[in-house]
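Worksheet for the structure shown next.
Numbering (mature numbering (1 follows the signal peptide of the UniProt record, and there is no 0)), first residue to last: -15 to -1, 1 to 405.
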C-alpha cells in the first residue's frame, strides 16, 4: 500500500521511455538521422550514459541503415530501459513481499486472535506460585486465624465493600435476633402475669380455706360447749360433710396440671422459636461462607485480570515501539524513493528534449530531401527534353558536373554535392 503511488509513477515513466524508443526506431527506419547527436542524460541508477551517435548516409532504394555509433546508442538506451524495468520489477516484488508481511502481521496480532501473541510469561509464574502458597496457607488456617489475616495487596475499595457487606449482614442478623428476643420477652411477661394471677388465686383459696377451718373450729367448739352444758344427747342423722382436704388436694392437682401444661406449652413454643432462630443462624452462616467463597473467587478474578491488564499494557507498549520504528524506517525509504522518482523524471525530461531536437533535425533534413528531389526532377526534365540553345547548354554544363552514362550514378553525385 505504501508503494502504490510510486509503482504507478514508475510505470508511467516506463511507458514514456518505451514510447520514446519506438519513435526513435521509426525515425531510424525511415533512413534519416541527426549527425552529431549526443545523449545528455545522466546515469542515476539506469546504467551507463549514452555515447555520441550519428546517422549514416541515406540510401533511397533499400531504406536506411544504422551506423555503428547509432547501434551503440540504441543498445545503451535499451540496456538502460532494461535496467529500469528490472528496478521496477524488483520494487514491485519488494512491495508484494511487504504487503504479505503486513497481512501476516495483521492476521497474527488481530483483535481476538491470541495464537500469535507468544509472549514470555515467565515473570508471572513466580506471582502465581506466591498466590497459590497464600491460598494453601489460608486453607490450612483456623477460623480465628483467618479472621486475623490481612491482605496488603487487596484494593482498598474492595476491602471497604467487603466490610460494608459484612456489616449489613451482621446488622440484619442482629435485628432479627433482637426481634425474636423481644417476642420471647413478651411471652415471658405474659407467663409471669399468668403465674402471678395463679399465685393470687392460690393465696385467696388458702385464706378462704383457713377462714373455713377457723369457722369450723369455732362452730365445733360452740357445739361442744352447748352439749356439755345442757347434757342433752341429741342424735341427728346428718349427711357427712365435705372433705376439704381432698377438695383442696384436687384443686391443687388441677392447678398443678394446668401450670405444668402451660409450662410445657411455653417450653415447646420456646424450643420451636429457638429452633427457628438456630435455622436462621445456620442459614446466615451458610450464606456467610458462600459469600466468603464468592469473595475469594472475586479476589482471584481480580488478580488474574490485573495480571492480564499488565500483560496487555506491555504488549501495547511493544507494539507502539514497533510501529514507531516501522514508520521511521518507511519514511526513510519513502524519501529515498521520492528522490529516485525526481531523478527519473529529470532524465525523462532530458530524453524528451533530445527527442524534440531530433524531430526538428529530421524535419529540416526532410525539407532538404524534398528540395533535392525537386531539383533532380528538374535536371532530368532538362536533360531529357533537349530544350534551350547551345549557349545556355554550355553555361549549364559548366555549372553542372560531368554526366555519366548511368542516371543513377549522376543522381547520387548531385545529391552528394548538394549535401556537401
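C-beta atoms are modelled at their ideal positions from N, C-alpha and C, and glycine is treated no differently.
| Item | Value |
| --- | --- |
| In chain order, what residues of the same chain lie with their CB nearer than 7 Å to the CB of residue 288, ignoring the 5 residues before and after it? | 116 |
| Where residue 151 and residue 274 are concerned, what is the direct C-alpha to C-alpha distance, given to the nearest angstrom? | 11 Å |
| Please check the pair residue 165 and residue 262, which I expect to be a contact at CB under 8 Å, by giving their CB distance rounded to whole angstroms. | 5 Å |
| On the criterion of 16 or more Cβ atoms from any shown chain inside 10 Å, does residue 365 qualify as buried, or is it exposed? | exposed |
| Given a threshold of 16 other Cβ atoms within 10 Å of its Cβ, counted over all protein chains shown, does residue 308 qualify as buried or as exposed? | exposed |
| On the premise that residue 229 lies in contact with residue 208, defined as a C-beta separation below 8 Å, what is that separation, rounded to the nearest angstrom? | Incorrect: roughly 18 Å between the Cβ atoms, too far for contact. |
| Should the segment 186 to 206 be called in touch with the segment 291 to 311, which here means at least 3 C-beta pairs below 8 Å? | no |
| Can you tell me which of 290, 279 and 240 puts its alpha carbon nearest to the alpha carbon of residue 185? | 240 |
| Sorted by chain position, which residues of the same chain lie with C-beta nearer than 7 Å to residue 236's C-beta, five sequence neighbours on each side aside? | 190 |
| For the putative contact between residue 269 and residue 158, defined by C-beta atoms under 8 Å, what is the C-beta separation to the nearest angstrom? | 5 Å |
| Just to confirm before moving on: does the CB-CB distance between residue 148 and residue 251 stay below 7 Å? | no |
| Distance, Cα to Cα, residue 260 vs residue 182? | 30 Å |
| Give a yes or no on whether 7 Å exceeds the smallest Cβ distance from residue 204 to chain E. | Absence of chain E from the displayed structure is noted, only one protein chain being present. |
| Suppose the cutoff is 7 Å on Cβ atoms and the five residues either side in sequence are ignored; what does the same chain contact list for residue 280 look like? | 147 |
| Contact defined as beta carbons within less than 8 Å: I believe residue 292 pairs with residue 144. What is the distance between those atoms, to the nearest angstrom? | Rounded, the Cβ-Cβ distance is 20 Å, inconsistent with contact. |
| Which term fits residue 284, buried or exposed, when burial requires 16 or more other beta carbons within 10 angstroms of its beta carbon? | buried |
| Assign residue 58 to buried or exposed, taking buried as 16 or more other Cβ atoms, counted over all protein chains shown, within 10 Å of its Cβ. | buried |
| Out of 258, 118 and 153, which has the shortest C-alpha to C-alpha gap to residue 170? | 258 |
| Using only the alpha-carbon positions, how far apart do residue 302 and residue 313 sit? | 17 Å |
| Would you report the Cα separation of residue 155 and residue 231, rounded to the nearest angstrom? | 58 Å |
| What's the gap between the Cα of residue 331 and the Cα of residue 325? | 10 Å |
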